[in-house]
Amino acid sequence: MPSAADPVADGAYLIRAAGCVSCHTDHKNDGEMLAGGRALKTPFGTFYSPNITPDKETGIGGWSGEDFVAALREGTAPDGGHYFPAFPYPTYTNMTEPDMLAIKAYLDSLEPVRKPNSAHEISPPFSWRFLQTFWKLLFFERGPMQADPDRSETWNRGAYLVEALAHCGECHTPRNALGGLDRDMWMAGTPDGPDGELVANITPDAETGIGDWSEGDIVGLLKTGLKPNFDDVQGSMQEAIDDGLKYLTDEDLKAIAVYLKALPPIENKVERQR
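Basically the numbering used here = 1-based index in the sequence shown + 3.
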């Protein structure tokens, strides 16, 4: 858990919790860490993650702390343009500002990598950025999130990790035709995950979710990628673990497990659509 004593060290931890490494590193083409270029195929087209190293021309080396906070909190670029929600700012908005600035401090400490960003491959009308103004009115709720005084400290930490940093709901929750999350199916899985992957139901439903998993089973999966039946995860979830979640403390992983086990169970068998 971050200490707030050393922003750079805290940022190094938080960037793992936030999944930045797997999204902003083009592992498939041996890209340098956090230099962007990773392709993300969606029903709306293919998005390419940007370079977030401190290169002043191709990365975010010219960004101020305020610029960085605005990107995460508001989904806006330094020039005022709107980001597409393939960048999970609708979840990152829930982060605290100190955590945002700690991530920026860590990124600023890295060696800059000169690597121009790739253009997204999306067609109109989804490529029209001005439409994101209306998308935000429909689906975006500005953070930061507030702790629930009726819940335990452990549950609140788990909620923060899941709903702000690790952005689990962005992959594990179905979306509507306009790309907004279906909050009534929170964490219930989807057949239309990143790159067309099936994404598991992680609510505690006994038949279609993880209702028969213990907290220890969940912690074990997040550390090793192994399910209780010794099958291993694949694809984006494997990347999320290898590049991020396995670096979290046991205390934080347990907090995630406590949060997930407390979710309302939703019956949703995730299958490939025919």
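Beta carbons are placed, not taken as given, at the ideal position from N, Cα and C, and that holds for glycine.
Quick caveat, the model's predicted, so the values are computed rather than measured.
One question on the structure: do residue i and residue j come within less than 9 Å of each other, judged by their Cβ atoms?
i	j	result
glycine 41	threonine 28	For the sequence presented, residue 41 should be read as arginine rather than glycine. A contact, by the Cβ cut-off of 9 Å.
glycine 212	glutamate 166	no
proline 177	methionine 188	yes
valine 116	asparagine 54	yes
leucine 248	alanine 105	no
threonine 206	glycine 219	no
glycine 161	leucine 225	no
Using DSSP with H/G/I as helix, E/B as strand and the rest coil, what is residue i?
i	result
isoleucine 63	coil
tyrosine 262	helix
valine 11	helix
histidine 175	helix
aspartate 33	coil
glycine 212	coil
threonine 193	strand
glutamate 124	strand
valine 202	strand
threonine 28	strand
Classify residue i: buried if its beta carbon has 16 or more other beta carbons within 10 angstroms, exposed otherwise.
i	result
histidine 30	exposed
tryptophan 66	buried
glutamate 69	exposed
aspartate 33	exposed
alanine 15	buried
threonine 193	buried
glutamate 114	exposed
asparagine 159	buried
glutamate 156	exposed
aspartate 234	exposed
Grab the span of the alpha helix (DSSP H) containing residue i for me, first residue to last.
i	result
alanine 73	68-77
glutamate 242	238-246
glutamate 218	218-227
What are the boundary residues of the beta strand (DSSP E) that residue i is part of?
i	result
lysine 44	42-45
phenylalanine 142	Segment 135-142 is the alpha helix (DSSP H) holding phenylalanine 142; no beta strand (DSSP E) there.
tyrosine 51	48-51
> Below 8 Å, can you find three or more Cβ-Cβ pairs linking the segment 18-34 to the segment 234-243?
Replying inline: The answer is yes - the segment 234-243 touches the segment 18-34, with three or more Cβ pairs under 8 Å.
>> Contact between the segment 95-115 and the segment 134-151 is defined here as three or more beta-carbon pairs at a separation below 8 Å; is this criterion met?
In response: A contact exists between the segment 95-115 and the segment 134-151.
> Do the segment 100-120 and the segment 45-64 meet, that is, are 3 or more Cβ pairs less than 8 Å apart?
Replying inline: The answer is yes - the segment 45-64 touches the segment 100-120, with three or more Cβ pairs under 8 Å.
>> Closer than 8 Å is the cut-off here; do at least three beta carbon pairs connect the segment 172-186 with the segment 134-144?
In response: Here the segment 172-186 lies against the segment 134-144, with 3 or more beta-carbon pairs under 8 Å apart.
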